[in-house]
């Protein structure tokens, strides 16, 4: 680097302090709540920060390691007593469904949109952008009554001989969709679809079109070229789009809180049930333990896929 | 790729968006003009009580929900015009408030819709410059750091962005809970006990700060990636021309980042207008609500188990109108650019 571009020492110091300050602000709330979740309420809610950090009362009542009090009682209460694993299962079903369907439908459309310069393709992308801006509550307002009454309006599909035999393989009568994690998948996929299309399209644009032209010259069908030649080099993009679909489904509160009941709740809306009961101190800490449990997989995700997440954030940007 | 192949590839996506986005939107639109109510019937009931020398009988009329063949209460749906919109917007209350001698601004803010609209717009417009500014500062600062430090710095910065929004808000709220560490710190700094969750404006400040904390990493990563492609030649040329550090930033770096600033602003406008998770995480509904929360609240069953679906539809439609108003200028510009390119 040119010597004249180098920073003077004073500015260097200011920048250093600023970066340290940002790192502290970025990490502190999550780290602090993580520490609180391992302390008995007397320590966790203490006004003295040292009590929270070292947990002297936790050490007396529950033991610890290296002179620092650690207790797992809140995690035990959340996962074993309160059956939080059921919410985890629901979350797993919903996120797995959303990621798989979003990606399979999205890659096809993203590929086609990256390889076409037609007016139709342009308007499809604009429509997707408008849908991307749509507040989720607007969509859910359409789904809530439809899900509650689905047993009535879906029944014709079960009665009509042409489709009835197929649907009756799954259930004898039309189901009530309200409270079914499987049905929520559809809503979240719909919300997620516009974003997935945009992101995958810009990834496909980075793959030279000569590649599929060569494949088609060698006798591949358009789908064959897509599946055998493009997809194998597309995995990084698919993984990135999958990560963002995962985040949308996993982090959602609005849709799942309205369309699921207390038996079929996913983890994030379920956490409010710890908050809404008249909160004894230990229940507050249980809510914190549940929150840390929900955040832990995300932490691992960032560690494993930092490169892909950064690629995803900048991808849409570079192409604009 | 020819038109037909293109059609087959996009068909699943298009069908999906039509059936699961466009159709529900039309449904909500229609629903906002219709109310569904239980059908009641009036029946004559003769009730007799044993009395002296025969029964005492009286006939009275009772209203009861009409049941269908399966024994469920029957409902009927009727067209109600703009009634639901009137309930949400309360034009009469607004006119009364704005008339001389009315309650003025405070009375308008007593209507939930205007309260939500005011908060949503403030939230969107205040966080926008803050997110872009902070994101830019972090990107510029990290860009001066040693390469080995940048990876870990990006990792730590991504945590606020990736965390579940409701939980991120909760984690900040817990720092103030009871005698939480930040409440204690505030008391130590100001000397007086400030309860951050007792009044509206402190909660609002926390919600704004939380959103900036949550989204600044996104702006940071986008700007940081773009800083890697700033032309070193242009920077050196500016240096030779005698540009100061600030002038190089102002006339070389910022113009290079400009398309990305527009991009981040567009995404942030969409997302901030949808503000919702903060209201849940900070439990601010008594003091501050957003437009999405208004609809959410109407859709949640009340104590009698009823959901105000019609009013929710009206409020959802009004929320959508807001997005369109925000986005139309940007979409028009894109359209003009596209036409210019073709």
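Residue numbers (this note's numbering), protein chains in the order written: chain A, 246 to 565; chain B, 4 to 345. Built from N, CA and C at the ideal position, the CB exists for glycine as well. Quantities reported herein were computed from a predicted structural model and do not represent experimental measurements.
* Asked: Going by the CB atoms, is the gap between residue 114 of chain B and residue 427 of chain B shorter than 9 Å?
  -> There is simply no residue 427 of chain B to check, as chain B begins at 4 and stops at 345 in what is shown.
* Asked: In whole angstroms, what separates the C-alpha of residue 412 of chain A from that of residue 470 of chain A?
  -> 35 Å
* Asked: How is residue 413 of chain A classed by DSSP in three states: helix, strand or coil?
  -> helix
* Note down the Cα distance separating residue 419 of chain A from residue 391 of chain A, rounded to an integer number of angstroms. => 13 Å
* residue 175 of chain B versus residue 320 of chain A - alpha carbon distance -> Here the C-alpha atom of residue 175 of chain B lies approximately 20 Å from the C-alpha atom of residue 320 of chain A.
* residue 442 of chain A and residue 351 of chain A look like a contact to me (Cβ under 8 Å); what is the Cβ gap, rounded to whole Å? -> 6 Å
* **Cut-off 7 Å between Cβ atoms - residues of its own chain near residue 127 of chain B, not counting five sequence neighbours on either side** => Residues of the same chain with a CB within less than 7 Å of the CB of residue 127 of chain B, apart from the 5 flanking positions on each side, are 272, 275 and 276 in chain order.
* Asked: Whose Cβ in chain A lies nearer than 8 Å to the Cβ of residue 323 of chain B?
  -> 379, 380 and 383
* **Contact belief for residue 512 of chain A with residue 336 of chain A at Cβ below 8 Å, rounded distance in angstroms** => 5 Å
* Asked: Can you give the Cα-Cα distance for residue 1 of chain B and residue 214 of chain B, rounded to whole angstroms?
  -> The question about residue 1 of chain B has no answer, for chain B in this structure spans 4 to 345.
* Residue-level contact to chain A via CB, residue 292 of chain B, 9 Å cutoff -> no
* Can you list, in chain order, the residues of its chain whose CB lies under 8 Å from that of residue 318 of chain B, leaving out five sequence neighbours each side? -> 91, 116, 294, 297, 298 and 301
* At what residues does the beta strand (DSSP E) containing residue 61 of chain B begin and finish? -> Annotation: the continuous beta strand (DSSP E) that includes residue 61 of chain B extends over 57-68.
* **Separation of residue 447 of chain A from residue 486 of chain A, as counted between CA atoms** => 11 Å
* For the alpha helix (DSSP H) containing residue 329 of chain A, list its first residue and its last residue. => 329-359
* Asked: Residues of chain B with CB under 8 Å from residue 444 of chain A, in chain order?
  -> Within chain B, no residue comes near residue 444 of chain A; the closest Cβ sits about 12 Å away, beyond 8 Å.
* **Within chain B, the residues that residue 229 of chain A reaches when beta carbons sit closer than 8 Å** => This structure does not reach residue 229 of chain A, given that chain A is present from 246 up to 565, and the question cannot be answered.
* To do: Compute the Euclidean distance between the alpha carbons of residue 328 of chain B and residue 322 of chain B, then round it to the nearest angstrom.
  => 10 Å
* To do: Using a Cβ cut-off of 9 Å (strictly closer), state whether residue 41 of chain B contacts chain A.
  => no
* What did DSSP end up calling residue 10 of chain B once you bin it into helix, strand or coil? -> helix
* List the residues of chain A whose Cβ lies closer than 9 Å to the Cβ of residue 191 of chain B, in chain order. => Here the premise fails: no neighbours, minimum Cβ distance about 10 Å.
* residue 310 of chain B CB to nearest chain A CB: under 9 Å? -> yes
* Should residue 238 of chain A go down as buried or exposed, given a rule of 16 or more other Cβ atoms within 10 Å for buried? -> Only positions 246 to 565 of chain A appear in this structure, which leaves residue 238 of chain A out of reach.
* To do: Within its chain, find whatever has a CB closer than 7 Å to the CB of residue 264 of chain B; leave out the 5 residues flanking it on each side and keep chain order.
  => Within the same chain, residue 264 of chain B has close Cβ partners 135.
* Counting only runs of 4+ residues fully inside the stretch 505-557 of chain A, write out the alpha helix (DSSP H) ranges in chain order. => For secondary structure counted as the alpha helix (DSSP H) over 4 or more consecutive residues, the stretch 505-557 of chain A holds these complete runs in sequence order: 512-521.
* **chain A contacts from the stretch 62-96 of chain B (Cβ-Cβ distance under 8 Å)** => none
* Asked: Which one or two residues does DSSP pair with residue 43 of chain B in a beta bridge?
  -> B/68
* Applying a beta-carbon distance threshold of less than 8 Å, which residues of chain A neighbour residue 221 of chain B? -> 558
* **Spatial neighbours of residue 232 of chain B in its chain, beta-carbon cut-off 8 Å, leaving aside the 5 residues before and after** => Scanning its chain for C-beta atoms nearer than 8 Å, with the 5 sequence neighbours on each side dropped, one finds around residue 232 of chain B the residues 259, in chain order.
* Is it right to say residue 196 of chain B is buried, meaning 16 or more other beta carbons lie within 10 angstroms of its own, or is it exposed? -> exposed
* Coarse secondary structure for residue 53 of chain B, derived from DSSP in three states -> strand
* **Identity of the residue in A/544, A/555, A/539 and A/556 nearest residue 334 of chain A by Cα** => A/539
* **Assigned secondary structure, residue 363 of chain A (DSSP; H/G/I helix, E/B strand, else coil)** => Note: residue 363 of chain A maps to coil in three-state DSSP.
* **Pair within 9 Å by beta-carbon distance, residue 183 of chain B and residue 177 of chain B** => yes
* Any beta-carbon of chain A closer than 9 Å to the one on residue 276 of chain B? -> yes
* If contact means a Cβ-Cβ distance below 8 Å, which residues of the stretch 213-244 of chain B contact chain A? -> 216, 220, 221, 224, 225, 228, 229, 238, 239 and 242
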